Amino acid sequence: MKPLVIALGAGLLMSTSLWAQGTLAPENATVYFIGLEDGDTVSSPVTVVFGLAGMGVAPAGTEKENTGHHHLLLNRPPIGEGEEGAEELEYGLPADDNHIHFGGGQTQTTLDLPAGTHTMQLVLGDLNHIPHSPPVASEVITITVE
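Residue numbers (our numbering): 66 to 211.
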């Protein structure tokens, strides 16, 4: 009996790493900003509206095919770049001032940003906050807050 329990436990651990790869995304899925473009000059507070095509929005923890929830990457390198970015693709996006989670299924936010330039990227996450495979991510835009 013990060898069976050990084998099942090892199998579970190995399959967990497979789950950490991100849920498959349809090829045509895109996420984008609505009403905010690269190079825009805006005033604070800034309303950011999230667009999504080819998939649906569902709260974090919801296991439903072709859905996810939004994350806003603020003032950081694009998803998948560098060591930290590779880790995000495998283990999920952290929650901090540069990785804003919308796990309730929200499709917009209002940010009180200081004056200056800011970069933004939208990334769709699966039920576990892991970017889909392939990642459903917007282009990085740069805005200036006056």
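The beta carbon of each residue, even a glycine, is placed where N, CA and C say it ideally should be.
Here the structure is a predicted model, which means the values were calculated and not measured.
- Within the same chain, Cβ atoms closer than 7 Å to the Cβ of P91 are found at G119, M120 and N131, the five residues on either side in sequence being excluded.
- Rounded to whole angstroms, P200 and P159 show a C-alpha spacing of 16 Å.
- Separation of the CB atoms of G169 and P110 is rounded to 20 Å, and the pair is thereby denied contact status at 8 Å.
- The stretch 94-143 contains, as complete beta strand (DSSP E) runs of 3+ residues, the segments 95-99, 111-118 and 132-139 (chain order).
- Residue state for L154 is assigned as helix, using DSSP reduced to three classes.
- Straight-line spacing of the CA atoms in Y97 and D191 works out to 17 Å.
- Taking a C-beta distance under 8 Å as the contact criterion, V122 and Q173 do not qualify as a contact pair.
- Between I144 and P179, the CB-CB gap reaches or exceeds 8 Å.
- Of the candidates H194, Y156, S198 and H183, H183 places its Cα closest to the Cα of T209.
- Each residue's CA atom was taken as its position, placing G181 and E211 some 7 Å apart.
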